[in-house]
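Trainee:
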Amino acid sequence: MTDYSPLLSTVPAIQHGFGHKSALLPGHLQPYRATLPEKKQVHGTRIVDIHHAAQICGEADGFYTTQPGILLSVLTADCLPVIFSRNDGSAIAAVHAGWRGLLDGILEQLAARISRDDSTANWVAAIGPAAGPCCYEVNEELVTRFKQQLPLPAALISPSYRHLDLAAIAEYKLSELGFAAVDRAGSCTICTPNTDSRHPQRFKYTSYRRNSHRREQDPGHPGITGRNQYAGIIIAG
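Quick note, the sequence shown lines up with residues 160 to 396 if you use our numbering.
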C-alpha cells in the first residue's frame, strides 16, 4: 500500500504518494511517468524551476513548479524525501535531503525559492519514509558536526548515542522556515517490515544501508541500482 500524507491529501488539485519496494512509483502516478524531469541527484542544494515535461535538469536535488501535469519526484533509499504544496495546490516542490543536504541547507534553498514569489506560510510539507533514529547509526564526528552547525536541541538531533533523527531535524527546520504545517508519511526504511502478503519480501522499503550490510556478508547479493523508491507530487488539475 502506498504511503500518503494526510496533510497533502487535503490540498485540492494535487496527487502525491511515496513509493516502496512493491511499487517504486505509486500506481496512480504511473500515467505521468513520461513527464518526469531528467536529473542526477548529487546530495547537493541546487533547486531547479520546472517549466515543461521531461525537462533536462542536470545535477539537482530540488524541484519547483507551477505547471499542471508535470510529475516532480525524488529518488531515495534512506535519505529524506520531502514534498511540498502551496495550500491551494497552485505550486508544488520536491526535495532530496540526506544528511549532507540537511547540513548544507537544501531546505533553506527551497524556502528561498518559494519566497521569491510567495510566503512559506502559504505552504505545507510532508516528510516521507527514510532511515529512522532507531537504525540510523553514524560516527560520533558526524553527530558532533550536526550539533555544532545547526542551532537545534541536541536531543532532537541525536536522541540516542551516535544516532541521527533526520526527519526530526527536517521538521524543526521547516517549522523555523515558516511553513504552515508539516507531517510525516511512512516509517524507517531500514527496519520497517513488509506486511503485504501479496509480496514475498521481508522489508517494505529499499534501504541503501541495509543493502550495504547484506553485501558485506554476501558479495554476490545484488545492489539497489534501479530500485530506489520515488516520492512524487503533481498538480493534476
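Even glycine gets a Cβ: it sits at the ideal position worked out from N, Cα and C.
Can the beta-carbon of alanine 344 be found less than 8 Å from the beta-carbon of alanine 285?
Mentor: A contact, by the Cβ cut-off of 8 Å.
Trainee: Taking buried to mean at least 16 other C-beta atoms within 10 Å of its own C-beta, is histidine 179 buried or exposed?
Mentor: Label assigned to histidine 179: buried.
Trainee: What are the residues that DSSP puts in a beta bridge with leucine 239?
Mentor: In the DSSP output, where bridge partners are listed per residue, leucine 239 has Ala256.
Trainee: Would you kindly work out how many angstroms separate the C-alpha atoms of tyrosine 295 and glutamate 335, rounded to a whole number?
Mentor: The alpha-carbon atoms of tyrosine 295 and glutamate 335 are separated by roughly 24 Å.
Trainee: In chain order, what residues of the same chain lie with their CB nearer than 8 Å to the CB of alanine 193, ignoring the 5 residues before and after it?
Mentor: Closer than 8 Å at the Cβ level, and outside the excluded window around alanine 193, lie Ala212, Ala213.
Trainee: Classify glutamine 388 as helix, strand or coil using the three-state DSSP reduction.
Mentor: Looking at glutamine 388 - three-state DSSP - the assignment turns out to be strand.
Trainee: Between the C-alpha atoms of asparagine 281 and serine 244, what's the straight-line distance to the nearest angstrom?
Mentor: Approximately 9 Å, taken between the alpha carbons.
Trainee: Could you please give me the residues that DSSP links to phenylalanine 362 through a beta bridge?
Mentor: For phenylalanine 362, which the question treats as bridged, DSSP gives the partners Pro352.
Trainee: Identify whether glycine 228 lies in helix, strand or coil by the three-state DSSP scheme.
Mentor: Three-state DSSP puts glycine 228 in coil, outside helix and strand.
Trainee: What residue range is occupied by the uninterrupted beta strand (DSSP E) comprising histidine 175?
Mentor: Segment 173-177, the beta strand (DSSP E) holding histidine 175.
Trainee: Can you give the Cα-Cα distance for valine 283 and glutamate 267, rounded to whole angstroms?
Mentor: For valine 283 and glutamate 267, the distance between alpha carbons rounds to 14 Å.
Trainee: Is it buried or exposed, isoleucine 215, if we count other Cβ atoms within 10 angstroms and call 16 or more buried?
Mentor: With fewer than 16 Cβ atoms within 10 Å of its Cβ, isoleucine 215 is classed as exposed.
Trainee: Return helix, strand or coil for glycine 287, following the three-state DSSP convention.
Mentor: Looking at glycine 287 - three-state DSSP - the assignment turns out to be coil, as it is neither helix nor strand.
Trainee: Select from Val241, His202, Thr204, Ala250 the residue whose C-alpha is nearest the C-alpha of threonine 225.
Mentor: It is Ala250 whose Cα lies nearest to the Cα of threonine 225.
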